[in-house]
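Structure record follows, encoded as structure tokens.
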Amino acid sequence: MKKITIAKGDGIGPEIMDAVLDIFQAAQVPLEYETIEIGEKLYLDGYASGISSASWESILKNKIFLKSPITTPQGGGYKSLNVTMRKALGLFANIRPTQSYFPYVASNFPKMNVVIVRENEEDLYAGIEHQQTDEVVQCLKLISRPGSEKIIRYAFEYAKKYKRKKVTCFSKDNIMKLTDGLFHQIFKEIAVEYPEIQSNHMIIDIGAARLAAQPESFDVIVTSNLYGDIVSDIAAEVAGSVGLAGSVNIGSSCAMFEAIHGSAPDIAGQDKANPSGLLQAGIAMLFHLGLVENAIAIQNAWLKTIEDGIHTPDIYNATTSSQLVGTKAFAQAVISNIGQKPTRLQAVSPPKDAIIILPEVAPKTPKTKGLVGVDVFVHQSNKNPEVLASRLQDATQNTGLVLKMITNRGVKVWPNGFDETFCTDHWRCRFEWILEKKPSYSEVLLLLQELFKHQLDVIKTENLYMFDGLPAYSMGQGQ
Ligand code: NAD
3 MKKITIAKGD
13 GIGPEIMDAV
23 LDIFQAAQVP
33 LEYETIEIGE
43 KLYLDGYASG
53 ISSASWESIL
63 KNKIFLKSPI
73 TTPQGGGYKS
83 LNVTMRKALG
93 LFANIRPTQS
103 YFPYVASNFP
113 KMNVVIVREN
123 EEDLYAGIEH
133 QQTDEVVQCL
143 KLISRPGSEK
153 IIRYAFEYAK
163 KYKRKKVTCF
173 SKDNIMKLTD
183 GLFHQIFKEI
193 AVEYPEIQSN
203 HMIIDIGAAR
213 LAAQPESFDV
223 IVTSNLYGDI
233 VSDIAAEVAG
243 SVGLAGSVNI
253 GSSCAMFEAI
263 HGSAPDIAGQ
273 DKANPSGLLQ
283 AGIAMLFHLG
293 LVENAIAIQN
303 AWLKTIEDGI
313 HTPDIYNATT
323 SSQLVGTKAF
333 AQAVISNIGQ
343 KPTRLQAVSP
353 PKDAIIILPE
363 VAPKTPKTKG
373 LVGVDVFVHQ
383 SNKNPEVLAS
393 RLQDATQNTG
403 LVLKMITNRG
413 VKVWPNGFDE
423 TFCTDHWRCR
433 FEWILEKKPS
443 YSEVLLLLQE
453 LFKHQLDVIK
463 TENLYMFDGL
473 PAYSMGQGQ
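Quick note: the sequence shown uses the working numbering, first residue 3, plus one each step.
Put into structure tokens, the structure is as follows:
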């Protein structure tokens, strides 16, 4: 029998996990469980990420992890267990289905049924941040071709398996032409491989607004990490199902399944918690494991229970509910409905084979890469760009590079900037090769030495490259 790792977590975690396991047992789900401890106790015992090495071993051995929510203690020094898990286990895809269960659960959008497929490992969540000057800090946004290919292909494969009709890509490539531009470009490349599925792209701001106002017009949404984090909460909120939604984190060898809500310490130990979010995560896990019959039986029993109006306090309302129940009684109601189907909510009929296996990302032929200049970032408290330009020109007159432009927060301030542009102490100074010189990195090192000798405070450099003869760096705004 397949063994999986489970963690009962903190707050309401143990109650909702017991409810899920009772339902699994009644439905004769063929799984064995290895329980690990994670969360608050581990944090307080000195594990910075809330998990011990023995628990890691269990997850790495069993590969499948069903996780109850945990409490993160207040105060600094504690790392997010979820972020640590996603990155350490290579869980590249976060899948969040959000559906309206109207009229049994209040929602303004009775027909909403959206799945958000969110990239989980890179983007601004790579967590690479630095303070560089008194006034400026930075966070690096990293978007990779393989990372984008994997998540976008996953979204199309998901749509195919679950008979979805449309995949929408959200990005902000009108502004971030290289990073979000790559994500959008790869979306277009992969979309043509799935002609049977409609595809479209929306700029994230209007996309998020539409999702909030007209969620019924979306089917599957694929997007990068930060946007996905935000839009998946918007989707759950407008569906009225924050307490009912599960979340799936998929990697090439491991997978983690959890509710989207937290540990709800305010109602812990009171038999009031709704176990539906964790149950939905558990059902997604059964599909992932190929236990499709069990998954369908439990999902239909759960839909029937919701439809019968047997509700926990968080979704109870006098007009559509028939019975107010606690966690345990709700689980018993689901158990007694196993074998039945809902009559008004749509019963589930996903494919027999719900497992998504992605091909390896094919390596691309390397492009021809040529160094054409360097952006040198300088800390200077004097806010006059002319002063900086003349210091830089003095310092670099004997090098093979020439100062072409200075920007401040991306806006060109030299040559010919506007007096109106607000400047901080963080300057990007673009140098390019003088025509007769052959570009080489040793020239860049010489340039840096000269800047150092002239007491210019260089905080970092970015090389400027052409890839296959095309400039692969952004222009200054106003350049
Ligand atoms: P929360 O989701 O725990 O609770 C928000 C509100 O929703 C509370 O009123 C709570 O009673 C209610 N609620 C949540 N789940 C419910 C359920 N299943 N049934 C009925 N009501 C439910 O969010 P919070 O209060 O901001 O966070 C509490 C703790 O959970 C914090 O320590 C936070 O760090 C942690 N957290 C953990 C995870 C996770 O482990 N994945 C996610 C989010 C928050």
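Note that CB positions come from ideal geometry on N, CA and C, so glycine has one too.
TODO: For my contact list, residue 269 and residue 261 are in at a C-beta cut-off of 8 Å; report their separation, rounded to the angstrom.
DONE: On the sequence shown, position 267 is the one that residue 269 refers to. On the sequence shown, position 259 is the one that residue 261 refers to. Between residue 261 and residue 269 the Cβ distance is about 14 Å, and since that is not below 8 Å, they are no contact.
TODO: With a threshold of 16 other CB atoms inside 10 Å of the CB of residue 12, please say whether the residue is buried or exposed.
DONE: Locating residue 12 in the sequence shown gives position 10, counting from the first residue. Its Cβ being crowded by 16 or more others within 10 Å, residue 12 is buried.
Task: the segment 49 to 62 touching the segment 214 to 227, judged by at least three CB pairs closer than 8 Å - done: no
Task: Distance between beta carbons of residue 73 and residue 344, contact taken as under 8 Å - done: In the sequence shown, residue 344 corresponds to position 342, counting from 1. In the sequence shown, residue 73 corresponds to position 71, counting from 1. Not a contact, Cβ separation roughly 34 Å.
Task: Nearest-angstrom Cβ-Cβ length linking residue 242 and residue 323, presumed shorter than 8 Å - done: Within the sequence shown, numbered from 1, the residue matching residue 242 stands at position 240. Within the sequence shown, numbered from 1, the residue matching residue 323 stands at position 321. The pair is not a contact, with the Cβ atoms about 14 Å apart (cut-off 8 Å).
- [ ] Report yes if the C-beta distance between residue 3 and residue 34 is below 8 Å; otherwise report no.
- [x] As a position in the sequence shown, residue 3 is number 1, starting the count at 1. As a position in the sequence shown, residue 34 is number 32, starting the count at 1. Yes.
Task: the ligand NAD heavy atom lying under 7 Å from the CB of residue 276 - done: On the sequence shown, residue 276 is found 274 positions in, with the first residue counted as 1. Answer for residue 276: yes, Cβ within range of the ligand NAD.
Task: Span separating the alpha-carbon of residue 26 from that of residue 303 - done: Locating residue 26 in the sequence shown gives position 24, counting from the first residue. Locating residue 303 in the sequence shown gives position 301, counting from the first residue. The straight-line gap from Cα to Cα measures roughly 12 Å.
Task: First through last residue of the beta strand (DSSP E) which encompasses residue 430 - done: Residue numbering aside, residue 430 sits at position 428 when the sequence shown is read from its first letter. Here the beta strand (DSSP E) through residue 430 covers 428 to 435.
Task: Coarse secondary structure for residue 19, derived from DSSP in three states - done: As a position in the sequence shown, residue 19 is number 17, starting the count at 1. DSSP places residue 19 in helix when its eight states are reduced to three.
- [ ] Measure the alpha-carbon distance for residue 485 versus residue 41 and round it to whole angstroms.
- [x] Residue coverage of the chain in this structure runs from 3 to 481, which leaves residue 485 outside it and unanswerable.
Task: Span separating the alpha-carbon of residue 28 from that of residue 297 - done: In the sequence shown, the residue the question calls residue 28 occupies position 26. In the sequence shown, the residue the question calls residue 297 occupies position 295. Looking at the two C-alpha atoms, the distance is approximately 13 Å.
Open item on the list: With three or more beta-carbon pairs closer than 8 Å as the criterion, would you say the segment 393 to 410 touches the segment 434 to 446?
Closed with: yes
Open item on the list: Quick check on DSSP: helix, strand or coil for residue 115?
Closed with: To locate residue 115, count along the sequence shown from 1; it is residue 113. The answer is strand: DSSP assigns residue 115 an E or B state.
Task: Under 8 Å between C-beta atoms of residue 21 and residue 306 - done: In the sequence shown, counting from the first residue as 1, residue 21 sits at position 19. In the sequence shown, counting from the first residue as 1, residue 306 sits at position 304. Their beta carbons are not under 8 Å apart, which means residue 21 does not touch residue 306 by this criterion.
TODO: Using the Cα positions of residue 202 and residue 167, report the straight-line distance between them to the nearest angstrom.
DONE: Taking the first residue of the sequence shown as 1, we reach residue 202 at position 200. Taking the first residue of the sequence shown as 1, we reach residue 167 at position 165. When rounded, the distance between both Cα atoms is 11 Å.
Task: For residue 61, three-class secondary structure by DSSP - done: Here residue 61 refers to the residue found at position 59 when the sequence shown is read from its first residue. Of the three classes helix, strand and coil, the one that applies to residue 61 here is helix, per DSSP.
Open item on the list: Let me make sure I understand the geometry here. Which of 384, 50, 412 and 288 has the alpha-carbon closest to that of residue 30?
Closed with: Residue 30 sits at position 28 when you count from the first residue of the sequence shown. Measuring from the Cα of residue 30, the nearest candidate turns out to be 288.
TODO: Say yes only if the C-beta of residue 263 is nearer than 7 Å to one or more non-hydrogen atoms of the ligand NAD, and no if none qualify.
DONE: Taking the sequence shown and counting its residues from 1, one reaches residue 263 at position 261. Correct: residue 263 has its Cβ closer than 7 Å to the ligand NAD.
Open item on the list: How far does the beta strand (DSSP E) with residue 35 in it extend, from its first residue to its last?
Closed with: Position 33 of the sequence shown, counted from the first residue, corresponds to residue 35. Residue 35 -> beta strand (DSSP E) spans 33 to 38.
Open item on the list: On a Cα-Cα basis, can you pick out the residue from 256, 286, 159 and 319 that is closest to residue 104?
Closed with: Taking the sequence shown and counting its residues from 1, the one referred to as residue 104 is at position 102. Taking only the C-alpha atoms, the option nearest residue 104 is 319.
Open item on the list: Suppose contacts are defined by Cβ-Cβ distances below 8 Å. Is residue 196 in contact with residue 162 by that definition?
Closed with: If you number the sequence shown from 1, residue 196 lands on position 194. If you number the sequence shown from 1, residue 162 lands on position 160. Yes; because the gap between Cβ atoms is below 8 Å, this pair is in contact.
TODO: Measuring alpha carbon to alpha carbon, tell me which of 117, 7, 128 and 50 ends up nearest residue 68.
DONE: Taking the first residue of the sequence shown as 1, we reach residue 68 at position 66. Comparing Cα-Cα distances from residue 68 to each of 117, 7, 128 and 50, the minimum goes to 7.
- [ ] State the DSSP-derived secondary structure class of residue 272, mapped to helix, strand or coil.
- [x] Mapped onto the sequence shown, residue 272 falls at position 270. Coil.
Open item on the list: For a quick check, are the C-beta atoms of residue 389 and residue 461 less than 8 Å apart?
Closed with: For this step, residue 389 is matched to residue 387 along the sequence shown. For this step, residue 461 is matched to residue 459 along the sequence shown. Result no, Cβ atoms of residue 389 and residue 461 do not sit closer than 8 Å.
Open item on the list: Only counting the same chain, and skipping five residues up and downstream in sequence, which positions put a Cβ closer than 6 Å to that of residue 409?
Closed with: Counting from one through the sequence shown, the residue named residue 409 turns up at place 407. If we look at residue 409 and ignore the five residues flanking it on each side, its Cβ neighbours are 430 and 478.
TODO: Note down, in chain order, each residue of its chain lying with its Cβ closer than 8 Å to the Cβ of residue 413, except the 5 sequence neighbours on either side.
DONE: Position 411 of the sequence shown, counting from 1, holds the residue named residue 413. So the qualifying residues of the chain are 419, 423, 478, 479 and 480.
Task: Minimum length 3: unbroken beta strand (DSSP E) runs contained in the segment 132 to 156 - done: 139 to 141
TODO: Output the residue ranges of the beta strand (DSSP E) runs that lie fully inside the segment 345 to 406 and measure 3 residues or longer, sorted by chain position.
DONE: 371 to 381
Open item on the list: Does the structure place the segment 352 to 370 close enough to the segment 332 to 343 that three or more beta carbon pairs sit under 8 Å?
Closed with: no
Task: residue 235: first and last residue of the uninterrupted beta strand (DSSP E) it sits in - done: By one-based count along the sequence shown, residue 235 stands at place 233. Element bounds for residue 235: not the beta strand (DSSP E) but the alpha helix (DSSP H), 227 to 241.
Task: Any non-hydrogen atom of the ligand NAD closer than 7 Å to residue 14 Cβ - done: In the sequence shown, residue 14 corresponds to position 12, counting from 1. Residue 14: yes, Cβ under 7 Å from the ligand NAD.
Task: residue 266 Cβ short of 7 Å to the ligand NAD heavy atom set - done: For the purposes of this step, residue 266 is taken as residue 264 along the sequence shown, with counting starting at 1. Residue 266: yes, Cβ under 7 Å from the ligand NAD.
Open item on the list: Do residue 210 and residue 232 have their beta-carbon atoms positioned less than 8 Å apart in this structure?
Closed with: Position 230 of the sequence shown, counting from 1, holds the residue named residue 232. Position 208 of the sequence shown, counting from 1, holds the residue named residue 210. Yes, these two residues count as a Cβ contact at 8 Å.
Open item on the list: residue 278 and residue 96 - do their beta-carbons sit closer together than 8 Å?
Closed with: To locate residue 96, count along the sequence shown from 1; it is residue 94. To locate residue 278, count along the sequence shown from 1; it is residue 276. Their beta carbons are not under 8 Å apart, which means residue 96 does not touch residue 278 by this criterion.
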